[in-house]
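Position in the sequence shown (from 1) plus 1 gives the number in the numbering used here.
Think of the CB as a built atom: it goes at the ideal place given N, C-alpha and C, for glycine as much as any other residue.
Data block below; observations after.
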Amino acid sequence: NPMEPDSVPAHTHRHIVQVLTAHIKALGGPRDPFLASGAHQLVQHYIRTELGRWSELTSQSFKSNGREHFNWQIEVVGTQPDLAPFLVGAHYDTVPGSPGADDNGSGIAVLLMLAELLSQCRPTRSIHFIAFDLEEYGLVGSTTCAERWRSQNKPLHLMLSLEMLGYFTDEPNSQQYPLDLLSSIYPDTGNFIALIGNVKTVPTMRSLKRTLKNASAPCQWLPVVNRGHQIPATRRSDHAPFWDQGYSAIMVTDTANLRNPHYHTASDRIETLNIEMMAKFTQGLATYLQR
2 NPMEPDSVPA HTHRHIVQVL TAHIKALGGP RDPFLASGAH QLVQHYIRTE
52 LGRWSELTSQ SFKSNGREHF NWQIEVVGTQ PDLAPFLVGA HYDTVPGSPG
102 ADDNGSGIAV LLMLAELLSQ CRPTRSIHFI AFDLEEYGLV GSTTCAERWR
152 SQNKPLHLML SLEMLGYFTD EPNSQQYPLD LLSSIYPDTG NFIALIGNVK
202 TVPTMRSLKR TLKNASAPCQ WLPVVNRGHQ IPATRRSDHA PFWDQGYSAI
252 MVTDTANLRN PHYHTASDRI ETLNIEMMAK FTQGLATYLQ R
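Next comes the structure, spelled out in structure tokens:
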């Protein structure tokens, strides 16, 4: 049946590892838009080039501190474009002085790899892939995107924020939590990906966990109420503006400083990442998004 969506290309695990590695290396180095503006510009050029390989590239501009900034995006059109689409986002800026391999080179690398995988099949729903700027300055890029999406009354099936996806450890007691209660429920070893979603995403998080498990990618999920305000740590990425606009949104994360000792430091380098695990999560996410 020509209307049936193709399956996600059966890329070898090794291919995905190689591409993710190349992306993270290309993104390496501090990318603060004000204190490392040259590198920040180069990374934008890389993202534009890579996204533009798979669909028409568009930009969303916004002003901050008197300067113009950009979110970069493509749309992969699905076989049923009348369905509400997915939006997959990740930020490309870093804090000053940090090479940002995990924060958020890992998220951008997975975003670019997903764009490649999903453009080579026909996903059921259309998928918008968006690279956000100024996450580290208060979620400015994603707030701009979410507010404009809502102001245009655009539907959205689900927003996924890819926020630090590369740091895993089998050390006992390596995983911390923002509430003591959570540490009695969830594992104390940081070798999984966390899904943090608003309440309306609970069925989605259950389904996504199953898909990831089938890709040998363990995950845990946590629903939050009241847009995460009771647990501020759950709002620290580009999904939060979409919660605020009433959309279904999930942060996909290795939990940042609750696990990774290199968070926001000069030692956040590619050598600290487990790209083999990243590749498994990438394949699982691609399978889920393709449905």
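For H265, the secondary structure class from DSSP, reduced to helix, strand or coil, is coil. Sequence-distant partners of I197 (beyond 5 residues in either direction) whose C-beta falls short of 6 angstroms from its own C-beta, in its chain, are L223, T235, M252. Boundaries of the beta strand (DSSP E) harbouring F87: 87-92, taken from the DSSP string.
When C-alpha distances from Q61 are compared across N72, E272, H265, the shortest belongs to N72. Measuring C-alpha to C-alpha distances from M160 to each of V20, S217, D245 identifies D245 as the nearest. In this structure, the straight-line span from the alpha carbon of Y248 to that of L43 is close to 32 angstroms. In chain order, N72, G90, H92, G142, S143, D239 place their CB closer than 6 angstroms to the CB of F133, counting only its own chain and leaving out the 5 sequence neighbours on each side. Excluding residues up to 5 positions away in sequence, L135, Y138, V141 lie with their Cβ nearer than 8 angstroms to the Cβ of S65 in the same chain. A straight line joining the alpha-carbon of A218 with that of S162 spans about 17 angstroms. Beyond the five residues adjoining it in sequence on each side, G106 comes within less than 6 angstroms, by CB distance, of I25, L28 in the same chain, given in chain order. For the set H263, T283, T205, F87, the Cα lying nearest the Cα of T13 is the one of T283. Within its own chain, the residues whose Cβ lies closer than 6 angstroms to the Cβ of N192, once the five positions on either side in sequence are excluded, are F169, D171, listed in chain order.
V77 is bridged by DSSP to I128. Apart from the 5 residues on each side of it in sequence, L84 sits with its Cβ closer than 8 angstroms to the Cβ of T125, R126, S127, H158 in its chain, given in chain order.
Of all C-beta pairs linking the segment 145-152 to the segment 101-115, fewer than three are shorter than 8 angstroms, placing the two stretches out of contact. In the DSSP annotation of this structure, the continuous segment of the alpha helix (DSSP H) that includes V18 starts and ends at 14-28. In this structure, DSSP gives S62 an extended state, which the three-state scheme calls strand. For the pair of segments examined, the segment 269-278 was found not to touch the segment 198-209: the number of CB pairs separated by less than 8 angstroms stays below three.
For F63, the CB contacts under 6 angstroms within the same chain, skipping 5 residues up- and downstream, are H70, T145 in chain order. Around V203, the same chain offers P224 as residues with beta carbons nearer than 7 angstroms, after the five sequence neighbours per side are excluded.
Judged by beta-carbon spacing, L36 lies within the 7 angstroms limit of P97, meaning their Cβ atoms are closer than that value.
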